Structure formats: C-alpha cells, structure tokens
Amino acid sequence: MIDKEGYRPNVGIILCNSRNEVFWGKRIRQHSWQFPQGGINHGETPEQAMYRELMEEVGLAAQHVRILGRTRDWLRYDVPNQWVRRDWRGNYRGQKQIWFLLRLTGRDCDVCLRASTHPEFDAWRWNDYWTAMESVVDFKRDVYRSALTELERYLERDATRKHGTARLFGQVHHHE
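So, in structure tokens, the structure goes:
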C-alpha cells in the first residue's frame with residue numbers, strides 16, 4: 001500500500017528498558033543496527049501494526065511493554081534508487097512512519113528474535129538513548145534523530161523512570 005506521494009505507511013519502534021537504554025537489533029548477516037520497524041497492513045491502525053511488528057521482530061507481546069508516546073505526524077525518508085525493487089520503481093519513494101516509544105515491562109529473556117518464520121535480526125543490545133548513529137544506514141539517520149528528539153519528552157514524564165548511568169555499549173545478545 002503506497003500513498004499518492006510514493007510513501008509506504010510504516011511504524012517504527014523505540015523500545016527502552018528501565019535504565020532508558022534503547023533496543024537495537026542487528027540485521028541478519030549485516031553489520032547494520034536498527035530499531036524494529038515494519039509496514040502497516042491494509043485495515044490496520046499504526047498501533048495494531050506496532051504490536052504485530054513487535055511480536056514478529058522482537059518476540060514481545062502487548063503485556064511485555066507499555067506505550068509511553070508516539071509521534072504526532074508521519075516522519076518520511078526516501079530510499080535510494082538502488083534499494084528499490086524493480087517493480088516499484090517510478091511510484092515508490094520511501095517510507096512514512098509513525099514512531100512509538102515503548103517501555104519494556106517484561107524481562108530481557110522475553111526477547112525472542114526467532115518469533116517469526118522470517119527473522120530480521122540475529123543479535124540485539126541495549127544502548128544509550130542518544131548513541132552514535134554510524135551503524136544506521138545513512139538514509140534513515142535523520143528520521144531516527146527526529147523520532148528520538150520528539151519522543152524523548154515522554155521519558156521525562158514516565159513516573160517509573162529510574163536514574164542511573166547508561167552504558168554506551170551494552171551486552172550483545174546473539175541467537176545461536
């Protein structure tokens with residue numbers, strides 16, 4: 001489902017733990033780290049798509065998280081031509097995303113990268129909320145910064161926020 005401007009509706013997920021560190025997933029067989037994201041199916045709300053993608057990519061259900069906030073408007077990025085499927089060329093420009101900020105209320109061991117038959121990630125880690133973006137594909141970096149900037153205020157409002165020093169690089173969890 002592509003809109004008239006050439007953007008596919010999508011959701012992005014910033015999942016944070018009790019220390020306000022954020023979940024980063026490593027794309028299978030790539031040295032590229034990203035937040036969970038995925039398309040919104042016909043008839044789905046952004047929130048329904050977010051919960052579906054969270055289960056498919058991270059193995060977490062609604063009872064494992066609490067929504068802290070979401071972006072007010074769509075954030076867009078254009079995909080370079082060489083990344084566009086041949087049959088989409090000419091009418092596809094990129095993604096438009098609603099971003100959600102979630103608090104993990106479950107445990108690290110609830111994360112399961114093999115929850116779907118087509119896993120997206122082969123490792124994951126917790127990182128500081130504002131970490132370097134070098135490992136994110138360059139055409140997504142501005143949207144990541146915009147989403148993190150807009151949603152950061154919800155962390156300050158979250159009454160369960162714990163203070164502590166966030167590690168720059170957390171332990172990487174590999175799936176065997």
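All residue numbers for the sequence shown refer to this note's numbering, where the first residue is 1 and numbers rise by one.
Just so you know, even glycine gets a beta-carbon here, dropped at the ideal spot from N, CA and C.
All values reported here derive from a predicted model rather than from experimental measurement.
Please say whether residue j and residue i have beta carbons closer to each other than 8 Å?
i, j, result
"residue 66", "residue 102", "yes"
"residue 143", "residue 34", "no"
"residue 139", "residue 46", "no"
"residue 121", "residue 27", "yes"
"residue 75", "residue 15", "no"
"residue 99", "residue 151", "yes"
"residue 23", "residue 126", "yes"
"residue 6", "residue 77", "no"
"residue 108", "residue 21", "no"
Short of 7 Å in beta carbon distance, which residues of its chain neighbour residue i, apart from the five on each side in sequence? Order them along the chain.
i, result
"residue 154", "68, 69 and 101"
"residue 40", "9, 10, 11, 46 and 49"
"residue 146", "75"
Which term fits residue i, buried or exposed, when burial requires 16 or more other beta carbons within 10 angstroms of its beta carbon?
i, result
"residue 12", "buried"
"residue 71", "buried"
"residue 64", "buried"
"residue 96", "buried"
"residue 94", "buried"
Going by beta carbon distance, what residues of the same chain come within less than 6 Å of residue i, once the five residues before and after it are set aside?
i, result
"residue 42", "1"
"residue 119", "113"
Measuring only between beta-carbons, confirm whether residue i sits less than 8 Å from chain C.
i, result
"residue 18", "Within the model displayed, chain C is absent; a lone protein chain is all it includes."
Looking only at its chain, what residues have a beta carbon closer than 8 Å to the beta carbon of residue i, apart from the 5 residues adjacent to it on each side?
i, result
"residue 141", "133"
"residue 38", "10, 11, 49, 52, 53, 56 and 57"
"residue 3", "9 and 96"
"residue 106", "60, 63, 64 and 65"
"residue 25", "33, 34, 35, 36, 57, 58, 113, 120, 121, 123 and 124"
Please specify which runs of the beta strand (DSSP E), each continuous and at least 3 residues long, are wholly inside the region 49-125, giving them in chain order.
Correct list: 65-70, 75-78 and 94-104.
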